[in-house]
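A.B. asks: What follows is a structure written as structure tokens; I'll ask about it next.
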Amino acid sequence: CQLGRTTNKTVQRQEYIAKDSILCELRDFLSEGAEDVDYITFAGSGEPTLHLGIGEMIDAIKTMTDIPIAVITNGSLLFREDVRDDLLNADIVLPSLDAATMSTFRAVNQPHESLSVDLIIEGLRMFREVFEGEFWIEIMFVRGVNDGTDEITALSDAISVISPGRVQLNTVVRPPREDVAPVDEDEMMRILEAFGGNFDVEIIAEKRIEVHADILPLLERRPLTLDQIADSLGMHRNEAAKYLRELIEQGVVVKTMHGDKRYFGMNPKALTSPTPEYDNI
Numbered sequence: 298c299q300l301g302r303t304t305n306k307t308v309q310r311q312e313y314i315a316k317d318s319i320l321c322e323l324r325d326f327l328s329e330g331a332e333d334v335d336y337i338t339f340a341g342s343g344e345p346t347l348h349l350g351i352g353e354m355i356d357a358i359k360t361m362t363d364i365p366i367a368v369i370t371n372g373s374l375l376f377r378e379d380v381r382d383d384l385l386n387a388d389i390v391l392p393s394l395d396a397a398t399m400s401t402f403r404a405v406n407q408p409h410e411s412l413s414v415d416l417i418i419e420g421l422r423m424f425r426e427v428f429e430g431e432f433w434i435e436i437m438f439v440r441g442v443n444d445g446t447d448e449i450t451a452l453s454d455a456i457s458v459i460s461p462g463r464v465q466l467n468t469v470v471r472p473p474r475e476d477v478a479p480v481d482e483d484e485m486m487r488i489l490e491a492f493g494g495n496f497d498v499e500i501i502a503e504k505r506i507e508v509h510a511d512i513l514p515l516l517e518r519r520p521l522t523l524d525q526i527a528d529s530l531g532m533h534r535n536e537a538a539k540y541l542r543e544l545i546e547q548g549v550v551v552k553t554m555h556g557d558k559r560y561f562g563m564n565p566k567a568l569t570s571p572t573p574e575y576d577n578i
């Protein structure tokens, strides 16, 4: 996990947060106007398919709005028929697959002991057969862990079996662990070429790295609100929120409340300078 060592691992599906409260909050948000929203995305700091009500929530959202629904998932539970059924009405599903051998899977993802990479690949294949929406796979590369020739070949073979609509290549950005390093641009190009012309493959790390590199110096000085960050970068708040979510998932940025405002700041583990003061604007 990019948020650090995970000690509480589970594959048990539950209603961890009441689905009615989630739907109520979303309904309130939509009632205020959502003309600039591109997707309603199930993601969060955890695995969304662990929520037992995700299928019901997707169906309920479909009755509220025509905004497409995306699910960002680690794909680990798609071998289960109930999970596959729950995601069928989503518009786009974006699972990750960072390894195709068990040893590398353990090194990169540190999975629950009951999970195997072969089972996950088979679950992705089975879901792809029945899912009619967009299906993209993201691969997160870590230098010296899953970027070797053998690992890339194994991943390419697995992708051939799964047959996604698109493959997105990514790498870690300023992870808090010192022993985890990103793959550089030249190496990412080598990986892209290694996949050949058999798939629709793109490198998504480059723009993310550029935007992350713009965001982090701002937050190293002081925590900021979403609107302050968006204004500083000259981008829509929804786009800024997407990049902030990625940095939060990587353990680099944290959310805090100060009064009635939500601020984004550097994770102390990733911060090398003294803790900044809050802006009370």
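For any residue, its number in the working numbering is found by taking its place in the sequence shown, counting from 1, and adding 297.
All C-beta atoms in this analysis are idealised placements derived from N, C-alpha and C, irrespective of residue type, glycine included.
Measuring alpha carbon to alpha carbon, tell me which residue in ALA404, GLY562, SER529, GLU499 is nearest GLU482.
C.D. replies: Comparing Cα positions, the closest option is GLU499.
A.B. asks: Between the C-alpha atoms of ARG487 and ASP317, what's the straight-line distance to the nearest angstrom?
C.D. replies: Spanning the two alpha carbons is a distance of roughly 47 Å.
A.B. asks: Taking the alpha-carbon of HIS509 as reference, which of GLN525, ASP497, ALA537 has the nearest alpha-carbon?
C.D. replies: If we check each option's Cα against that of HIS509, ALA537 comes out closest.
A.B. asks: Do ILE358 and LEU323 come within 8 Å of each other at the CB atom, strictly closer than that value?
C.D. replies: Yes, the Cβ-Cβ distance between LEU323 and ILE358 is below 8 Å.
A.B. asks: By the three-class DSSP mapping on this structure, what secondary structure does PRO613 have?
C.D. replies: This structure gives no information on residue 613, because the portion of the chain shown stretches from 298 to 578.
A.B. asks: Sort ALA367, LEU489, ILE417, VAL480 by Cα distance to VAL458 and report the nearest one.
C.D. replies: Minimum Cα distance to VAL458 is reached at ILE417.
A.B. asks: For ALA397, which residues in the same chain have their Cβ closer than 8 Å to its Cβ, ignoring the five residues on either side in sequence?
C.D. replies: For ALA397, where only same-chain residues beyond five positions count, the Cβ hits under 8 Å are VAL414, ILE418, GLU448, ALA451, LEU452, ASP454, ALA455.
A.B. asks: Given a cut-off of 8 Å on the beta-carbon distance, is the pair LEU374 and ILE434 in contact?
C.D. replies: No, these two residues do not count as a Cβ contact at 8 Å.
A.B. asks: Run the CB neighbour count on ASN371, radius 10 Å, all protein chains shown included, and call it buried at 16 or more, exposed below.
C.D. replies: ASN371 is buried by the Cβ-count criterion.
A.B. asks: Applying the 10 Å Cβ sphere with the 16-neighbour rule, what's the burial state of SER570?
C.D. replies: Because the pLDDT of SER570 is 41, which lies under 50, any placement of that residue in the model is unreliable, and the question is left without a value.
A.B. asks: Taking 7 Å as the limit between beta carbons, can you name the residues of its chain near ASP335, skipping five residues before and five after?
C.D. replies: Here the set comprises ASN535.
A.B. asks: For VAL380, which option in MET437, VAL405, GLY493, GLU353 has the closest C-alpha, if you only look at C-alpha atoms?
C.D. replies: The option with the nearest alpha carbon to VAL380 is GLU353.
A.B. asks: Do PHE561 and LEU516 count as a contact pair if the criterion is CB distance below 8 Å?
C.D. replies: The answer is yes: Cβ separation under 8 Å.
A.B. asks: Under the DSSP definition of a beta bridge, which residues are partnered with ILE434?
C.D. replies: According to DSSP, which records beta bridges pairwise, ILE434 is partnered with VAL464.
A.B. asks: Taking the C-alpha atoms as reference points, what is the distance between MET554 and ALA340?
C.D. replies: The straight-line gap from Cα to Cα measures roughly 21 Å.
A.B. asks: Which same chain residues, not among the five before or five after ARG440, have their C-beta less than 6 Å away from its C-beta?
C.D. replies: ALA478, VAL480.
A.B. asks: Using the Cβ count rule (16 or more neighbours within 10 Å means buried), how would you classify ILE578?
C.D. replies: Since pLDDT at ILE578 reaches only 35, below the 50 mark, its modelled position is unreliable, and the value read off the structure follows with that caveat. Classification for ILE578: exposed.
A.B. asks: When you compare the CB positions of VAL368 and PRO345, do they come within less than 8 Å of one another, or not?
C.D. replies: Against a cut-off of 8 Å, the Cβ pair of PRO345 and VAL368 comes out as a contact.
A.B. asks: Quick one: what's ALA367 bridged to in DSSP?
C.D. replies: According to DSSP, ALA367 bridges with THR338, ILE389.
A.B. asks: What is the DSSP secondary structure of LEU394, reduced to helix, strand or coil?
C.D. replies: Correct three-state label for LEU394: coil.
A.B. asks: When you compare only the Cα positions, how much space is there between GLU378 and LEU412?
C.D. replies: Rounded to the nearest angstrom, the two C-alpha atoms are 16 Å apart.
A.B. asks: Quick check: what's the CA-CA separation for ILE366 versus THR446?
C.D. replies: Rounded to the nearest angstrom, the two C-alpha atoms are 36 Å apart.
A.B. asks: In or out: MET596 buried (at least 16 other Cβ within 10 Å) or exposed?
C.D. replies: There is no way to answer for residue 596, as the model of the chain reaches only from 298 to 578.
A.B. asks: So, with DSSP's three-state summary, where would you put ILE319?
C.D. replies: It is helical.
A.B. asks: List the residues that DSSP assigns as beta-bridge partners of LEU380.
C.D. replies: Sequence inspection shows Val at residue 380; the Leu mentioned does not correspond to that position. VAL380 pairs with nothing; no bridge assigned.
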